Each structure stands twice: as structure tokens, then as C-alpha cells.
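Counting from 1, position 419 in the sequence shown corresponds to residue 419 in full-length UniProt numbering; the numbering is continuous, with no gaps.
Inspection log for the structure reproduced underneath, given as C-alpha cells.
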Amino acid sequence: MAPSVVFNQYKISNSSSTQNRRTALPPPSYRPSVQDKPSLDITQRFEQKLTNYNASQNIFKRWLFEIIIWTSSAICMGAIIYMSVCSRDQPFSKWPFALTIINVLSKVASAALILPISEAIGQLKWAWFGGSESKEIIDFDIFDKASRGAWGSFLLLFRTRGKSLAALGAVLTLLLLATDTFFQQVIDLPERWVLQGYGEIPRVTQYEGDNGQLYQDGLPATLEEVNLRQTTFKYFYYNGSSPVTFGNGTRPDIPLSCPSSRCEWDPYDSLGMCSACADVSELLTYACLETKIDWISSVYYNSSTWPTGTACGYWLNATSDAPMLMSGYRTDEALNASTEGETLLLRTLPLTAPITSVFPFSSVPIFNGSVKFQDIYFPVLDAFIVSAADGTASSVYKKVPPIAQECIISWCVKTFQSSYAEGKYEELVTQTFMNRTAIRQPYPWEVFPLPWEGEEAFFSIFHGNITIRPPGTAPDTPDYGVTNETYSRTQTLFDDMFPSSITVANSTAPSWWRVKQNAWAYNQLRLGAGCPWLAPNNVTQYIDRLATSMTNVIRSHKSHEFVRGRAYTQTTFIAVHLEWLTFPLVLLLFSLMFLVATMMKTSKATDRGIGMWKTSAIPTLLYSLPKETQSQFRSHGIRKSGLSKRKTIRIRLHPKKGWRVSGQTLNSPAGVGRVPVELRAPPGWI
């Protein structure tokens, strides 16, 4: 049971019969206090223990608690460094609690630094007022606030102008506000790609189609390459094939395999198709000539159906016995060409197609099979493509030179750099190799006349050797190439629109596209609107797209083999930036220096009688100001006069006499004598 205490009272009375005589009031009755042994709780025991250490003569014991707290901050920072080094560049899945632990340690380290700095500033406060000179009373308030937070430290820094040791503590307190920012920058969690498994992508070295054999009246018939047929047909007449949208990209046109969201392959080679185009406008000559009209929409392949007439335009072999109109119009008056008849907008002329080249069974093709690409060994297509300048009849009538190009498509070996990421396939052709020869090879086609059902027919045989071996190929790598039958079937595909022509009756009439001109007894027409081979379409890019699509079909064939690549998965890693710990470590070092300097400085003040009070408020209660000074702060004008006087009053703490205010000490107030011994309260009374 806690003891009860009753305060005795006395009053000071002034009477006419006695001068300044104090009469003590009789003390009330009270029951004796029971002196039970106090039971201190944990907090009281801890505070009592600290008080015992603070009263020690050993300087290290006085500051033992602060040293322990500072050491704990240093240990936390060391633990942060250790955790950072151990988890550097490691997957986050292996250290799932690393970031949490480091965050907790950083908070503890920052908080632990606050206490020794605060306690040191608090002790410097008592040393400040315990010096040989009196200090302004406002300094007490500023020091007290500085030991409790950043705002007081800011005021203290300007109050002392940085000339006091306490100013260093104020600076450290302010800088501690920024430590969290630096600790947060130590650990970063970037996403990185980690190798996990492999992807596969097809390549082909030897390609053979799936046509099989077809015999007609006992003779093997030439068939179009069935796998490539659909692709070439779309490009001939329907602007090619469009990529299929898939996810955030397009679906690849080859059967690749990627078990993750990203795959990469080293450069690899595959059999495919290559294309090229060159300008041949110098071969054309403008003239108005009377000759056989073989390009109008009403004729057949049989030359007996070709009328004779006059045409004006740009001719190929204009001065020869067999000129060929590539762009122009028909007229009935050769001299002034004033009548504009049917107009030729587009004409394609193959130089390598077997039927055109050998008919009538000649072993010499047109222009020996090529003009600009004579070193290319047996391309599947080598043709002239001549279009009106803007694809309209008006440019033909105005004699605007047409766009004339020679384009080829040939078997080749392509070097690919492929990647697949998040549903988007990207492919880059880094190198191509086509068989080239400095010596003109014999024409590979052999033709025999073959009467068939009363009509003139023929039987052709291809005697080529399509074998491609790029330089630097490994000895154990087989040759790239196709069989003669596959080559023949692929070349036959282009007979569909090489040769072909687009004509229009006049500038307002619809255009007609005459295709499959090799058909002996047929005249096949398509509407020419939207033809992808007409200007202003870019024929070079278009034929390159055709070659790429044919390559994809070849690589998708069942004869392909897979090239393995690297499959990556995205993993969160721990990135460590230890340089961001420089600032907290510097604060740790300076806080130690500040603590040691405070210990040394305040040890002298302690020798002079100043207690080891630090941030304790008890000395403020023990050493109260004189009543005259207190009355100045209790006056009616405390908001106006009290605060202003606080700035002018100077005080000094005397270890034995208390506060000295402008020359006064904490004795009995003037005009009031000490209480006589007989009138004092008995022991145990205040």
C-alpha cells in the first residue's frame, strides 16, 4: 500500500501588534505513513538503473546507454551491408525477405542514431548554462527543442551560428531526416531475363515438294508446285498475304516453338527464295510502228489471231524485225497518231519461262535469259515488268516514260537473325547467297515436239543442277538445293501471269488483265483494277515480299529441321547499390565523433558540479526560477510583454545555489525572511 502524505500549511500574517511575525497554523491530524517497500515496475527499475550509471564517476558508464544505442545502429548498418552483399544479383525468390529485413534494419539504424545525438544535445544544454557567463533564457527553450526534433535543431543551428559543439548535433539531427531516402536506394528489384529451356525454329537444306507423279497418256505431266501455289496466286492477283494479328504483334508464318515469352536464336542458314530488281528503261524507245498487235485483250497466244496495226509508245527492240510494245496505245493513223485507241498499261515479259523461251523450239531464250542478272545461275523467274508511270492511260497519252524493271526470283541460302518476344516475331536477313557463275551456262531446257490430239504440243526436260553451298559452310553440312523436278514445278508457277498485260479501251473504260497467255486456245481476262504490279505500287518491295512468303512456305515443309535457340523468362533480381550507404555511414561516423566530443566536454562540466541530466526534465523542477522572475511570465501581458522579456533575461545555473537571474540567486525573495526553525514543518512535511 503506498504511503499517504498530507501537506502542512503555514501562512505569513501581518498584525499591528507584531511586525513581520509569522504564525504557524496548527497541523491537522494525520495518520502515520506506512513505509512499505516500494514495488518498482520495469520502467522505474530501468530509469533507476540509468540514474545510477549517470551518477557514476566513470565517464563511460555515464554514457553507456548512448554508446550501446550507437553500437546497435552501427550493427544494423553492418547487417545491411552484409545482407546486401549476400543477396547481390540473386533472384528475389531466393531472398524473399531481404528487402523487408533491410528496410527494418534501416529504420532501426536511423532511429537509434537519434537517441545519442538527442541526449548529447540535452547534456550540452546544461553545460551551456553552467558556464562562467550567463545566457539568455530563450536559449534554454531552443536547446530543449533541439534535443527533441528537427525544428529545434534548425533554430539552434542559427542561434549558435555554428560555433558551438551543439551545432554539430543540430546538423546531424537535420541530416538524419534524409537517411530513409538513401537507404531506399540501396536495394533495387529490376526485371532480368534468365535462360530457361530452349526454343526451336525451322530451317531447310533440301526441299522437295509433295506433288507426287501424274502421267498423261503415259507421259509424266509437269505440275505446279502444290505447296507454293496458294502463296504465289495471292501475290499475283490479290496483293499478297496479310500477317495474322496475334497478341500485341503478328503470328509468325513459320512453325517455331518458344516455351516462354522470349526466345532468341543465333544466326542460322536456310534454303529460301531471294529477289532483286534493276532498272531497264534504257532498253525502251518511243516510236509509232506498224506491226503485229499481240498485246490487246482480244487476241490469243496463237499468232494467227494477232491483227496488224499501228501503235505508238515505248518499244523493246524497236529497230529489230520483231519489236515489242511495252507501254503505249493503238492508233489508225501512223503519221500523226491523233487517234487514241486501246492502251497498254502493264506488260510482263518472262525471259526464262520454258514455254516462251523455247517456242518455236529454239534453244536461245529472249536476251539470252537475262539482261542485268546474267551471273545468276538459273533463277525461277527473270522477267521485265513495265508499267505506265502512274498506272493510268493519261500518262501513256502524254508520252511519259514508263517504269521499266527487270526482276528475278532465285533459289538461295539466307542467313537469319530471329527473335520472338511477347507474341511478336522479328526476323532479319543478315546475308544472302545465290549461285553465281562467270561463264554462261548452257540453257537447261530440252524440248521435243509432241503431237497430241491433233494439236501441236511439246515435251520439255530440265537438265539443271540446283546445288548451293555458301562459302564457309562446315564440311559436315549437306549442300542446299532442290531436285530438278521441284525446280521445274516451281518455275511453272510463274506461267500464270508471266507473260501478262493490262489494257484499257479509253481513259474512262475499265481495264482488263489478260493472264495465262501461254494457253494456246484460251483468252483469259481479269479486271485490272487493284493490280499490285501497276505503278505507283513499289514492285521491288512487292516482289521481295513474295520471295519472303515463298521462303516461309519452304521452311514450313515437313522436311525441315529445327534449330535450337535460347528461351528466356523474366525474373526479379536484387540489385545492390552500396554507394548509397555512404551518406548514412558518414552520419554514423560523425555522430560518434559528436558523442565522444560531448563526453569529453561535459565531463569537465560534471566536475564543476553540473549533473549528468541530459534530456531529463527533473532538474528543471528542482531548480525553479526566483518568484520575481516567474511573476514576469505570469503577468497579464504574457503574450506581449512576457515573450519579449524572455529574450532579455539572462540566467545561469549554479550547481549549489540554483538559477542566477541577472545577478540574483535562488534564495528567499527580497523582503521575505527565512521561516523560523520553530515555525518550519516537521520532518516529512513540505
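Idealized CB from N, CA, C, for every residue including glycine.
Remember, predicted model here, so these are calculated numbers, not experimental data.
Check                                                                                                                                                                 : Outcome
Hey, which unbroken runs of the alpha helix (DSSP H) at 4 residues or more fall wholly within the segment 501-558?                                                    : 539-555
Can you give me the C-alpha to C-alpha distance between residue 695 and residue 80, rounded to a whole angstrom?                                                      : With the chain running from 1 to 686 in the structure shown, residue 695 is simply not present.
Using the C-alpha atoms, what's the distance from residue 121 back to residue 710?                                                                                    : Residue 710 lies beyond the stretch modelled for the chain, which goes from 1 to 686, so this question has no answer here.
Tell me where the alpha helix (DSSP H) around residue 235 begins and ends.                                                                                            : 226-237
Near residue 59, which residues of its chain fall below 7 Å by C-beta distance, leaving aside the five closest residues on each side in sequence?                     : 599 and 603
Could you tell me which residues DSSP puts in a beta bridge with residue 407?                                                                                         : 277 and 383
Looking at the strands, I want to know which residues DSSP matches up with residue 591.                                                                               : Residue 591 is not bridged to any residue.
Compute the Euclidean distance between the alpha carbons of residue 679 and residue 126, then round it to the nearest angstrom.                                       : Only weak support exists for where residue 679 lies, its pLDDT of 46 falling under 50; the coordinates are left without a value.
Looking only at its chain, what residues have a beta carbon closer than 8 Å to the beta carbon of residue 256, apart from the 5 residues adjacent to it on each side? : 199, 200, 201, 202, 263, 418, 420 and 425
Does the pairing of the segment 499-516 with the segment 455-475 give three or more beta-carbon distances under 8 Å?                                                  : no
Could you spell out where the alpha helix (DSSP H) holding residue 488 opens and where it closes?                                                                     : 484-493
Less than 8 Å between the CB atoms is what I'm expecting for residue 285 and residue 318, so what's the real figure, rounded?                                         : 4 Å
Does the beta-carbon of residue 491 have 16 or more other beta-carbons within 10 angstroms, so that it is buried, or is it exposed?                                   : buried
Quick one, which of 503, 596 and 321 has its alpha-carbon nearest residue 396's?                                                                                      : 503
If we count the other Cβ atoms within 10 Å of its Cβ and call it buried at 16 or more, is residue 533 buried or exposed?                                              : buried
By DSSP's criteria, residue 428 is part of a beta bridge. Which residues make up the other side?                                                                      : 417
Rounded to the nearest angstrom, what separates residue 687 and residue 386 at their Cα positions?                                                                    : Because the chain in this structure spans residues 1 to 686, residue 687 falls outside the shown range and cannot be described.
If we ignore side chains and look at the alpha-carbon of each, how far apart do residue 231 and residue 321 end up?                                                   : 38 Å
Who does residue 191 pair with in a DSSP beta bridge?                                                                                                                 : 572
What is the DSSP secondary structure of residue 25, counted as helix, strand or coil?                                                                                 : Residue placement at residue 25 is flagged as unreliable, the pLDDT there being 49, under the threshold of 50; the coordinate-derived value follows with that caveat. The answer is coil: DSSP assigns residue 25 none of H, G, I, E or B.
Per the contact definition of three or more C-beta pairs closer than 8 Å, is the segment 291-298 in contact with the segment 562-578?                                 : no
Going by DSSP, what residue range makes up the alpha helix (DSSP H) through residue 157?                                                                              : 150-160
What is the DSSP secondary structure of residue 445, counted as helix, strand or coil?                                                                                : strand
With H, G and I counted as helix, E and B as strand and the rest as coil, what does DSSP make of residue 350?                                                         : strand
Taking the alpha-carbon positions, what's the residue 103 to residue 154 distance?                                                                                    : 27 Å
Classify residue 468 as helix, strand or coil using the three-state DSSP reduction.                                                                                   : strand
Look at residue 278 and residue 406 and say whether their C-beta atoms are less than 8 Å apart.                                                                       : yes
Smallest Cα separation from residue 316: which of 224, 83, 326 and 442?                                                                                               : 326
Would residue 172 and residue 150 qualify as a contact pair, given that the criterion is a beta-carbon distance under 8 Å?                                            : no
Taking C-beta to C-beta, are residue 480 and residue 413 nearer than 8 Å?                                                                                             : yes
Exposed or buried, residue 86, counting other C-beta atoms within 10 Å across all chains shown (16 or more means buried)?                                             : exposed
Have a look at 416, 344, 580 and 352 and flag the residue whose alpha-carbon is nearest the alpha-carbon of residue 389.                                              : 344
Using the rule of at least 16 other Cβ atoms within 10 Å of the residue's Cβ for burial, across every protein chain shown, is residue 434 buried or exposed?          : buried
I need the DSSP call for residue 306, collapsed to helix, strand or coil.                                                                                             : coil
Under the three-state reduction of DSSP, which class applies to residue 358: helix, strand or coil?                                                                   : Below a pLDDT of 50, predicted positions are generally treated as unreliable, and residue 358, at 46, falls in that range; the measurement from the model is reported next regardless. Helix at residue 358.
Over what stretch of residues does the beta strand (DSSP E) that includes residue 324 continue unbroken?                                                              : 324-331
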